[in-house]
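For reference, the structure discussed in these notes is given below.
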Amino acid sequence: MTAFDREQDDTVALRMTGVTRTFGAKPGLMQKLRLAPPQPVVHALDGIDLTIERGGFVGLVGESGSGKSTLGRIAAGLLRATAGKVSVFGHDPMAGREIHRQVQLIFQDPQASLNPRIRVDRALSEAPLFHGLTKPSEVDAYVAAQMTRAGLDPAFRFRFPHQFSGGQRQRVSIARALAMQPRFLVCDESVASLDVSIQAQILNLFMSLRRELDLTYLFISHDLRVVQHVADRVVIMYLGRIVEDAPAAEFFANPNHPYTIGLLAEIPDLRQRRKVFVPVKGEIPSPIAPPPGCHYHTRCPFAFDRCRVERPALKLVAPQHLSACHLNDTLGGNPTARNKGA
Amino acid sequence: MILWLIRRIAQAVLVVFAMSVVVFMGMHMIGSPADMLLAPDATQADRAQLIAELGLDRPLLEQYWRFLVSALHGDLGRSFVYNVPAVTLILQRLPATLELAFSALFLAILFGVPLGLYAGLRPDSWLGRGITTGSILGFSLPSFWVGLLLIMTFSVSLHWLPASGRGETVRVFGVNWSFLTLDGLRHMILPAINLALFKISLVIRLTRAGVREVMPLDYVRFARAKGLRPGRIVVMHILRNIMIPLVTVLGIELGSTIAFAVVTESIFSWPGAGKLILDSINALDRPVVVAYLLVVVTLFVLINLVVDILYRFLDPRVRVEAAA
Amino acid sequence: MSVTSATVRPVKARAGTLRRFLRSPTAVVGLVLLTLLIFGALFAPQIAPQNPFDLRAIDVMDARLEPGSKNLAGDLTYWLGTDGQGRDLLSAILYGLRTSLTVGVGSAVIAGVLGTVLGLIAAWSGGFLDALIMRVVDLLMSLPSILIALLLLALLGKGVGNVILTLVLLEWAYYARTARGQALVEGKRDYVEAARGLGLPIRRILLRHILPNCLPPLLVIAALQVARAITLEATLSFLGLGVPVTQPSLGLLVANGFQFMLSGEYWISFFPGLTLLLAIVAINLVADRLREVLDPRSLR
Amino acid sequence: MTAPLLKVENLHTRFRSEDGTLDAVRDVSFSLAPGETLGLVGESGSGKSVTGFSIMGLIDPPGEIAGGRIMFRDRDLTQLPAEEMRRLRGNRIAMVFQDPMMTLNPVLMVGTQMIEAIQAHERVGKAAARARARDALGAMGIPSPEARLDAYPHQMSGGMRQRVAIATALLNHPDLIIADEPTTALDVSIQAQILAEVQELTRKRGMALIWITHDLSVIAGIADSIAVMYAGRIVEQGDVDAVLDRTRHPYTAGLIGSLPGSAAPGSMLTQIQGTTPSLLNPPQGCAFHPRCARMTPECLRQPAPEAGADHHMVRCFNPLTGDPSQPETAA
Amino acid sequence: EDLTIGFADPVSSIDPQLNNHAGDHSVSQHFWPTIVGQRTEGGLIPGLAAEWKNTDPTTWEFKLRDNAVWTDGTPVTADDVAFSYQRALDVPGSVASFKSFLRTVDKVEVKDPHTVVITTKAPDPILPINLSSIYIVSKHVGETATTDDYNSGKAMVTSGPYAFVSYTPGDRIEMKRDDNYWGDKQVWDKVSYRYIANPAARTAALLSGDVDVIDKVSVSDIKTLEDNNKVKVWSYPGLRVLILQPSFNPEPNKFITDNAGKPLDKNPLLDVKVRQALNMAINREAVVDRVMRGGATVATQWMPADTFGYDPDHAEIAFDPDGAKKLLSDAGYPEGFKLTMHVPGDRYPLAPETAQAIAQFWSRIGVQTQVEVVPFSVYSGAANKNEYAMSMIGWGNGTAEGTYAMTSILATNDKEKGLGASNWGRYSNPKLDEALAAASSEFDDAKREAIIKDAVKVVMDDVGIIPLFHYKNIWASRPDLKVVPYNSDRTEAMQVSKAE
Ligand SMILES: Nc1ncnc2c1ncn2[C@@H]1O[C@H](COP(=O)(O)OP(=O)(O)OP(=O)(O)O)[C@@H](O)[C@H]1O
Ligand SMILES: Nc1ncnc2c1ncn2[C@@H]1O[C@H](COP(=O)(O)OP(=O)(O)OP(=O)(O)O)[C@@H](O)[C@H]1O
Ligand SMILES: [Mg+2]
Ligand SMILES: [Mg+2]
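Residue numbers (our numbering), protein chains in the order written: chain A, 231 to 572; chain B, 8 to 331; chain C, 165 to 464; chain D, 71 to 401; chain E, 496 to 995.
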């Protein structure tokens, strides 16, 4: 253990408080002179509070554009938050090599995240050598060990990424991350591009690695089934905000937020045959001009006046179960109850 | 849009300024035009007098300053050789060059696009392969050589077309045009082909590459899945999308076509600006060279402007970004 | 944990670049031709019957002899005839090829390195330096290149070195633009972010990760620019600038023979022209195929 | 049972390339009645899309349909002249592709792309066609359809584009629609919306539907029957309940087993070892044998399709019993 | 009947007094009279002046004919002549002025409307020859006209065999016969005078029937054209000579080095033996035959045979490489030395090719010669400063008599007197300077010719210049036309007639 390790807060892997991130071009001369309308600003993240305990496996779910990747990249130190505080093991993830090494991001598309012109052996050894995790004399064995751990035959070390199948490529990118001896893995849709049979292989790999290496996971996905299988805590995002956050079992048993309930209803299920699909009403609003109040009110079947003006706070609705819905404050209470019968 | 225009023009002015400095310096370093211009029996006194008349006896900086001042007043000086305002001289000759360049461009599109389309749509047919390989030839042949071959074949041996010169012209808007008379057209064919050869190859290749790129895209497949007629697919879905790179490249190429007209013009004795500029460089006729480059750069800016506008028209994505 | 070894995608499906290159018959023809020509150029002093640059070796009395003629002394056969100076054309072509290829390859390599470096610097630095470099590039690209070449050569004087210098000055902009554009595109790709995630320093990412991925299009441009440079040199020679007459390049041989085209002494410019043509076609064929096999899409 | 609308018999589609000949689809047969929904399932590269394109007549050189028949009503589509095939395409048979971002031409307005689809098959005035296009958009649940007609694709979200594509495919009320993973790239909520709309059309108009996917659970909800493809062949085929509840092919069983929803959270998922074989040189015999736990020496030969009860076909020498009470898997 | 001529020399303007350029001259000949005419065959002929005489060594009286009229109907008078000579001196924008032709003129007086009296500063026997190069424009139009007015046609009130129709700069001049012309009536109704710079293009234009006559036929095409029965070649000895000028600069010159490349501390060219060696090493016949393909005649002095001042005693320079080698070693250069010869690439036909052939010959006697071809724009400046070791000049002896070249290329360079302007090698020989001075004031033609012939001997014994060959003037035409030389190498419609 290095001095660095000892200093850090060892029980919390990730802590985000009030993290906001906006995107948008810097105003040009024309905007400054008010000759042109201001550049549109995208609120990718809007006041995120999130804490992941060490060893946790958090599934982050949300629709496309809800800010999942942005959150993941901020956690991995690849992007700076516009506002708010981020710490990973007690450090700013953008500060320094050591913390960089400890958080690793695994991307959705293994094809795109592997440099097509770099052989596996170099992909796996370059950064560890740079960070002093192995010595040039031992690098062969090191690479072989990483590959074996990720379920790849070390004999493939001289291949280029395109010489692998999709699942194998994802294993390569996992091996590349593991070679950095991380403690925290951010998986951004890491299984979304894979076939179901391959997806199962990779999910199994994640689960066994977690046990072997005592890893913390932030697992981003839009597939609730996957999250349900692997995560022990589920966080739901909608348009840059967290709307629900609960332990997995509790979450699937007692979902609270209307959006979550809608999502759960749409999960395809092998057991449901000749189902009658019900179209969800309303369009997903644009993150450029999110609706005021609760972002979900435009599609929410239970929306009432307060939802249109006031942003609901994330509140405890059960032990360890947070939800951001005004319905919890009303007398009628939790919409879950109402929905249970349906 | 206005800002963009202003920026463009400012850039152009900068380019022209830099250009004129370089040309001024360069021409000064090559030699004195007096040595070129004077009759061989001219005496040293004649020489000194001429140099004084042309203002070449002054320090270079002062010469440049004088040029700059009068340029700002719209006077780019008189040609040393022709004793005519340089701009007048260029404007007299430029239409002939432009006419040639545009004809070449026209031919390039006329032949290049259909051939390229064919080669792209049927890459494995022998004709498609032939077109592709043939287009390499168009790249490889030095144009002066082709020019002479054209003359030898079509003028000298077959007597089909005239070998040189511009033929009969008609004056419209104060400018002489060849394409309005039969004789003028006949004179234009060979030089235009000569100049167009490289462009035709270029257009063929661009079109072909574009078709090959666009063809497997889902939206073309979807267009076919809609049951559209092949003609409509080619025109609306394939061509429309290829036009974007094509217009960009052709815009840039029009400039180089004007420049490369130097070669064609000297082979076909085409009385255009290319020949003039070549002679002027040889004669160190600085005002003409500077004015020519100025006019050409201005032309370039205009062409780029047109290309940008076309681009906006062709690609809605750009249009919206610009509006935002 | 299972090790998936049995079912890797067979390598055959994605054969090596060279193997894939060789699958196109026209490209093979081009490659063979190019190899032959380069061989001829490299070993010109060994192969050529005469040193066409040595004035003592050539005799004006042998000027314009038909292909297959013997020289005055009868100890030398001019297989491709002689030019207006009595130079053995075969030798002149071999040496000329040397000059032309030197000009072409030399200018392309120098301009390529210079342009790529500047392009990467522009992409990497952004801001003012980027704007500055790109404006210079715009300026160069918006100038009529051949006229600038004429001016430059009039200023610098003839010579292989000066021609190369001129071409470099004109051509680097193309590489800079492509390199910058490509670097910007590549820079947005996931693998770059992945490399950042691995904590690698920016410069290393730029040079070892992004640059290799920018190279294929640059290589293709370079191959085409070699051809372009050779033709441009020929054109400049035709216009009276270019390389010295006593050390003719292919282009100059063609240009010199140009005056004999109408007089029936076709060989003086025909054979050099043919060689020039073959060389450029060969380069283009190879470049075309390179473009295909190096296309990143074929890897991705 | 009504007369089949579409009957595919022993379809064989292949691609020739520098690397060799690739049999993307071999010996594929199935039939489809009006109003019926067939789910075509399989891993990436198993030949699902190629099957769809073969029916559409959209196989381009170097690809070709090397054998078999595609009977649509009473006509063999493989023999149809190009012009007649064109008139069927988009009119009687329509197709929607996977990637919503790419199916629409970026430089043409949505309206233009829809109107041309109508005018390719019918002599309709522009205004009338436009009105139809607008209605079709509205039916897909797109707000302010009139304005959307003048939008460019890039001005729309992915879900909206995909709905435009589906609306376009449905414009001429086709008898058959082939949906090639049209919802894979979309969020669940939008997926449900699209499924709802497609479902309504099959119900109301008697439109037949081929839904292509790699995810069994998606089609469990809408399909009447399922065909599972592996390496270009259909390995199991039958009624949705039969295939899912009385699974007989080890591969199908593997697919079901690897779905996260089917195992207890946190437990290891049953997985199929290895990866999809290359079709350029597929394994000898049953293409699945290298990954199959039930492999026997016999499997080095190609198994013949074996029809069981209620047309439940399987192509396997060692099929599972099909008894739901004893779940057997490939691992 | 119409005639189309394709000509080679560029025209800078159709203002006849702007520039003393070959192309301008050719054009002006059609439109403008001169006071005295000149013909290649037969020297001076009457022009506007039917007769002229010296009243004393410095006074000339010209009697103008009275039937000459301008195209606007006004008669041509002595005022026009006086005006024209004045204008020729100070026409604005001239870069190659006609001044030198009037260098000796002191004043021009109008005695009566048809008599002009010209006084010279010193006796000038060749004044009429010089005046034959200056065109007379009309005073009443010319007084207010600028060069632009001539170019636009506004001031083209002419009095020549042809009248102006149109001028397209860089392309062509159209003209029609002037029926009021006082001289011989012309054959052609209309003449189209087209500028075709490239020699191959000219030949092609003739072969394709675009034009009827071309001038300055490329020597490489002569044979083809001669063999072609659809065209006819007209080739005549010309007055332009191609000469090498060795540098007489005593300073070390970077273009003359020893065989190792070190500059020699003494210029070997100062040694007459070396010059003789170089002169003898050249096989002029071979050059004329192989390089010039018969388009030239061997030059042994600066004037061709049968011209005023040609010395038949110097009709031969022996080709003797062995003798040359011996001379070299006598001079102290048994191993030879290295020399770079400069030649303009865009000025004299086949000059680079000729230079290379010479270089071959010199290299064989041990003088390893490099040829550097440079654009004339660069060449002229450097040559003028005597920077080159060996330069080449093509000299047009337009006046067809020997002193013209002597004044410009042989006389000791003297800025004050305007002598030796093109003496690029700075050759200086007092004997020649004396001869030139004597000839310049000698009115007796026979005596003058003798002086010039002596000068030839002086220069050629001294090898002050190395003459190479005289260019022939070559035209080609349709077979039914006849082209005769008229005024040196000028090309005019008047030269072309129908063949019987
Ligand atoms: N670099 C960027 N510049 C501008 N906008 C961005 C940038 N990155 C993300 N955004 C915007 O921020 C919002 C959130 O994006 P993000 O990628 O985090 O969403 P996501 O939840 O990961 O979606 P998906 O499921 O599609 O991956 C989106 O509207 C997106 O368009
Ligand atoms: N145009 C083509 N040229 C060559 N091979 C092709 C072509 N189109 C498809 N193939 C090959 O045919 C096989 C089947 O492809 P197909 O697209 O039908 O798979 P799929 O089942 O739709 O897969 P996915 O789920 O990835 O869409 C693949 O191996 C593919 O590589
Ligand atoms: Mg994302
Ligand atoms: Mg598919």
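All C-beta atoms in this analysis are idealised placements derived from N, C-alpha and C, irrespective of residue type, glycine included.
Name, please, each residue of chain B whose Cβ falls closer than 7 angstroms to the Cβ of residue i.
| i | result |
| --- | --- |
| residue 177 of chain D | 247, 248, 321, 322, 323 |
| residue 704 of chain E | 166 |
Kindly list, in the order they appear in chain B, the residues whose Cβ is closer than 8 angstroms to that of residue i.
| i | result |
| --- | --- |
| residue 751 of chain E | Those do not exist, as residue 751 of chain E stays about 23 angstroms from chain B at its closest Cβ, beyond 8 angstroms. |
| residue 455 of chain E | Here chain E covers residues 496 to 995 and nothing more, so residue 455 of chain E does not appear. |
Check the Cβ of residue i against every Cβ in chain C and list those closer than 8 angstroms, keeping chain order.
| i | result |
| --- | --- |
| residue 149 of chain B | 395, 398, 399, 402, 415, 418, 437, 440 |
Output yes if chain D places a C-beta closer than 9 angstroms to the C-beta of residue i; else output no.
| i | result |
| --- | --- |
| residue 471 of chain A | no |
| residue 492 of chain A | yes |
Check whether chain B comes within 9 angstroms of residue i, counting only Cβ atoms and requiring the distance to be less than that.
| i | result |
| --- | --- |
| residue 399 of chain D | Reliability fails at residue 399 of chain D, whose pLDDT of 45 lies under 50, so the model's placement of it is uncertain and no value is given. |
| residue 167 of chain D | yes |
Can we count residue i as close to ligand 2, meaning its CB is less than 8 angstroms from some heavy atom?
| i | result |
| --- | --- |
| residue 282 of chain D | yes |
| residue 132 of chain D | yes |
Any heavy atom of ligand 1 closer than 8 angstroms to the CB of residue i?
| i | result |
| --- | --- |
| residue 418 of chain A | yes |
| residue 172 of chain D | no |
| residue 306 of chain A | no |
Less than 9 angstroms between CB atoms is the rule here; does residue i satisfy it with respect to chain A?
| i | result |
| --- | --- |
| residue 291 of chain D | yes |
| residue 183 of chain D | no |
Please list the partners that residue i has in chain C, where partner means a Cβ-to-Cβ separation under 7 angstroms.
| i | result |
| --- | --- |
| residue 155 of chain B | 422, 425 |
Is residue i near ligand 3, going by C-beta to nearest heavy atom under 8 angstroms?
| i | result |
| --- | --- |
| residue 299 of chain A | yes |
| residue 328 of chain D | no |
| residue 450 of chain A | yes |
Can you find a CB in chain C that lies within less than 9 angstroms of the CB of residue i?
| i | result |
| --- | --- |
| residue 33 of chain B | yes |
Classify residue i: buried if its beta carbon has 16 or more other beta carbons within 10 angstroms, exposed otherwise.
| i | result |
| --- | --- |
| residue 797 of chain E | buried |
| residue 998 of chain E | Nothing about residue 998 of chain E can be read from this structure; chain E reaches only from 496 to 995. |
| residue 506 of chain A | exposed |
Going along chain F in order, which residues have a C-beta closer than 8 angstroms to the C-beta of residue i?
| i | result |
| --- | --- |
| residue 882 of chain E | In summary, chain F is missing from the structure at hand, where the protein chains are A, B, C, D and E. |
Output, in chain order, the set of chain E residues within a Cβ distance shorter than 8 angstroms of residue i.
| i | result |
| --- | --- |
| residue 89 of chain B | 507, 508, 664 |
Just to make sure I have the definition right: I need the residues of chain D whose C-beta is within less than 7 angstroms of the C-beta of residue i. Which are they?
| i | result |
| --- | --- |
| residue 226 of chain B | 172, 173, 174, 175 |
Next item on the list: Would you check if there are 3 or more beta carbon pairs closer than 8 angstroms linking the segment 522–537 of chain A to the segment 340–347 of chain D?
Entry: Segment contact: the segment 522–537 of chain A against the segment 340–347 of chain D, fewer than three CB-CB distances shorter than 8 angstroms; contact not assigned.
Margin query: Contact between the segment 591–604 of chain E and the segment 500–519 of chain E is defined here as three or more beta-carbon pairs at a separation below 8 angstroms; is this criterion met?
Written below: Cβ pair count under 8 angstroms is three or more, so yes.
Next item on the list: State whether the segment 666–680 of chain E contacts the segment 359–372 of chain D, with contact taken as three or more CB pairs (one from each stretch) at a distance under 8 angstroms.
Entry: Not touching, per the Cβ criterion.
Next item on the list: Determine, using beta-carbon pairs with one atom in the segment 498–510 of chain E and one in the segment 130–142 of chain D, whether at least three such pairs fall under 8 angstroms.
Entry: Taking 8 angstroms as the limit for Cβ pairs, the verdict is that the segment 130–142 of chain D does not touch the segment 498–510 of chain E.
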